[in-house]
Ligand SMILES: [Zn+2]
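Residue numbers (this note's numbering): -1 to 506.
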C-alpha cells in the first residue's frame, strides 16, 4: 500500500511537508515552519506539525533550504533519522541545528542532479531554479510508480549562480516514467506569465543606482545569494562601492561557496567613499525588529548612517502581515529626508502560470496535486492543470492520498497535531487557543483566601489557570452570574492545580 500524507503547506503558506508511506517504509519530504504574525500567533513566532509514531520517517529528503521547508527539523526529534540534501541545503541544516545547540543530524550530501537511495526509496534531485542555491525537484520511485515533487521553482533558463531548471531532464522523466502524481508549488498560480530570472535585474538596477544621488541601502533576504550577486554586479557597473552589513549574508555566501568579488568595503572604510558612490547590502528586508536594516534605521550600526537624500530599497516583495513594520520604517526615516522604496529590483523565486504549465507539460503526470499555497492559489493551479487536460486533486492538510490501483484519490483525512515555537521554546498548540481566549475575553486574577487565612494560589501551571478563568468568562457570557462563575472557577483552579503554595499568616 502506497500512501502520501499531506502534513502542511496547503491552504496557508508555510509548514511545508509530506510523508510517503510505501508499505511501511516512510520518506518525509521537507519539514518547514509556518511563521505567524503577531495577530495570529499570540506571542508565538511559528507553527509546525508534530509527528506521532505513525508519521515518524525512516529518512528525510529536502528540496531546498528555506525555513518553510527545513525550519522544523531541529524540533521534531529527528536527530537519528538520516537526511539527504543538496550541498547548500545540507550546510544550512547543519547551521540550523548548531544554532539550536543540537548535535548535527546525519546528512548525506547529494549533488544537484544526483541520485540517492533513501530508506529504500530511489530519489533523484533534479535541478530547479529558485531564490536560494541548490534547489531541487524530486523524482521518487515508489512501488505504485514514480512521484515528482517540484519543490519551489521557476523555469528560469539563466542564472548568475548555480543551475537553471533542468527542463530536458523533467521532459525525459515525463516521457519515460509514466508519472503517477506531480506535487507542485502553487505560489505563482495567480500571476500571469513566466517569471523573469534574476539575471534580468542587473541592468535596470545598475541604471537606477547610477541615476541616484545619495547613498543606497539595499535590503534582501540573507539566503538569496543570487540576489547578492546581482547587487554586486550592478554596483560594479554603476561605479558604486559595496559594503555588506551583518553576519547572515556572509554566512550564506560562504555556504554557497561564492564571493561578491574584489572591492567590497569593510564597514569601517565606508566613510572614505563619497555617499553617492556607496551601496550598503543588508538583510532584514521585512523590517524585522532585530534585523540589520532596522538596526541601521535606529543608528545602531557603527559607520552606517542614513542622511538626507539617501534611499532604502527593499529588494523583495512585502510579505502580507509585514506592511505595518515597513510603514514604520518609512515613517522613522522620512523626517531625515530618507525615502524607502519596496519591491525594487525584484523578481519572484516562484514560477508564474506559464512556468506551472511548462512543468505540467514536461512531466505529463496522471494527476496534479497543487500544494504550497493559499486556497486561492491551489484552486487556480488545479483549474490550470485541468485546462491542460490533466486531472487535479484538491487537497487539504491531513489528507491521506492512496496511490494504489486507479486514479490518485483522497483515502481519508487524519487529524494532525501541531506545535508552536515561542522564541525557541516548543509549546502545545492549545496554548495559542488559550491566549486567544484570554485576549478576547480578558483576564481576571483571583486571590483565593481560606481559613486559616491567606492561602494564595501560586500556580506554576499558569496556562491551566488562565484557561479556567477564560472558562469562567465564557460562562458569564452564557448568563451565569459573574460572582458564581468566578467562584466556580476558583474552586476548579484549586482542585486542578497541583502547585499550590500555602503561605503563613505573615505573608500578607
Ligand atoms: Zn522556497
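Where a beta carbon is used, it is the ideal one built from N, C-alpha and C, also for glycine.
A quick note: this is a predicted structure, and the numbers were derived from the prediction, not measured.
- With 16 or more neighbouring CB atoms inside 10 Å of its own CB, residue 94 falls in the buried class.
- Proximity of the beta carbon of residue 64 to ligand 1 is indicated: a heavy atom of the ligand is located closer than 6 Å.
- Selection 414, 385, 266, 329 evaluated against residue 295 yields 329 as nearest (Cα-Cα).
- Put simply, the backbone Cα of residue 55 is about 54 Å away from that of residue 334.
- Relative to ligand 1, the nearest heavy atom lies less than 6 Å away from the CB of residue 150.
- When the beta-carbon positions are compared, residue 105 and residue 221 stay at least 7 Å from each other.
- Within the DSSP secondary-structure output, residue 182 pairs in a beta bridge with 368.
- Below 8 Å, enough C-beta pairs join the segment 220 to 239 and the segment 194 to 208 to call them touching: three or more.
- DSSP, reduced to helix, strand and coil, places residue 61 outside both helices and strands of the structure shown, so it counts as coil.
- Look at residue 345 here: in three-state DSSP terms it is coil, with no helix or strand label.
- Residue range 15 to 20 is occupied by the beta strand (DSSP E) that includes residue 17.
- In the same chain as residue 337, and ignoring 5 residues on each side of it, the C-beta atoms closer than 6 Å to its own belong to 309, in chain order.
- DSSP places residue 91 in the uninterrupted alpha helix (DSSP H) bounded by 85 to 97.
- Nearest in C-alpha terms to residue 372, of all of 12, 1, 438, is 12.
- In this structure, DSSP gives residue 106 an extended state, which the three-state scheme calls strand.
- Residue pairing from DSSP places residue 407 in a beta bridge opposite 400.
- Residue 110 is classed as buried because its beta carbon has at least 16 other beta carbons within 10 Å across all chains shown.
- The segment 152 to 166 and the segment 280 to 297 do not touch, with fewer than three beta-carbon pairs separated by less than 8 Å.
- Pairwise C-beta distances place the segment 240 to 257 in contact with the segment 81 to 99, as three or more of them are shorter than 8 Å.
- Inclusion of residue 177 and residue 144 in the CB contact set at 7 Å is warranted, their separation being smaller than that value.
- Beyond the five residues adjoining it in sequence on each side, residue 70 comes within less than 8 Å, by CB distance, of 13, 15, 29, 30, 31, 46, 47 in the same chain, given in chain order.
- The closest CA to that of residue 382, considering only 395, 425, 184, 149, is found on 184.
- In the DSSP annotation of this structure, the continuous segment of the beta strand (DSSP E) that includes residue 239 starts and ends at 239 to 243.
- Around residue 212, the same chain offers 273, 274, 307, 308, 309 as residues with beta carbons nearer than 7 Å, after the five sequence neighbours per side are excluded.
- Contact between the segment 158 to 173 and the segment 318 to 328 is absent: fewer than 3 CB-CB pairs across the two stretches fall below 8 Å.
- The beta carbon of residue 41 is closer than 8 Å to those of 420, 433 in its chain, skipping five residues each way along the sequence.
- Distances from the alpha-carbon of residue 103 to those of 117, 367, 76 put 76 closest.
- In the structure shown, the three-state DSSP call for residue 325 is helix.
- When beta bridges are read from the DSSP output, residue 163 appears opposite no residue.
- Annotation: residue 38 to residue 259 spans about 42 Å, alpha carbon to alpha carbon.
- Taking the C-beta atoms as reference points, residue 369 is found no nearer than 7 Å to residue 388.
- Going by beta carbons, residue 400 and residue 407 fall inside the 7 Å limit.
- Note on residue 35: under 16 other CB atoms within 10 angstroms of its CB, so exposed under the neighbour-count rule.
- For residue 189, the closest of 378, 317, 4 by C-alpha to C-alpha distance is 378.
- Annotated as proximal: residue 62 and residue 128, with beta-carbon spacing under 7 Å.
- According to DSSP, residue 217 shares a beta bridge with 280, 312.
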